[in-house]
Amino acid sequence: AVHSGPESTRHSFDVYPSDYDLAETYLPHFRRAVQEAGAYSVMCAYNRLRGEPCCGDKYLEDLLRNKWGFNGYIVSDCGAISDFYRENAHHIVNTPE
């Protein structure tokens, strides 16, 4: 799944969907929630998408803000930012600072 992944590895799971699957299977539901239903906030997932932690990926912001016109809040899931420096998670920075 593009969202969260398996429960036991959701803090480190990395998913590589094809461009087709991302565009035709996963994203349409989120796009409709933003554009048609008027969602006020979107929460990024713990996992990685194509090597980048979802909560630190410019792709998410670009897609939501620039392509879909989203003006609401993008929030991280509880603990998702700490995954950036936790060794058993994404560990993309050395310290919490």
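Sequential numbering from 1 applies to the sequence shown in this note's numbering.
Here a beta-carbon is modelled for each residue, glycine too, at the ideal position from N, C-alpha and C.
Since we're looking at a predicted model, the values are computed, not measured.
Can you tell me where the alpha helix (DSSP H) with residue i in it begins and where it stops?
i	result
Gln40	A small fix is needed here, since residue 40 is Tyr in this sequence, not Gln. Run containing Tyr40: none; DSSP gives neither H nor E here.
Can you tell me where the beta strand (DSSP E) holding residue i begins and where it ends?
i	result
Cys59	A quick correction: the sequence has Tyr, not Cys, at residue 59. Counting along the chain, Tyr59 falls outside any beta strand (DSSP E), though it belongs to the alpha helix (DSSP H) covering Lys58 to Glu61.
Tyr137	Since the first and last residues shown for the chain are 1 and 97, residue 137 lies out of range.
Under the three-state reduction of DSSP, which class applies to residue i: helix, strand or coil?
i	result
Pro100	This structure does not reach residue 100, given that the chain is present from 1 up to 97, and the question cannot be answered.
Arg50	coil
query: Should the region 51-60 be regarded as contacting the region 21-39, the criterion being three or more beta carbon pairs within less than 8 Å?
result: no
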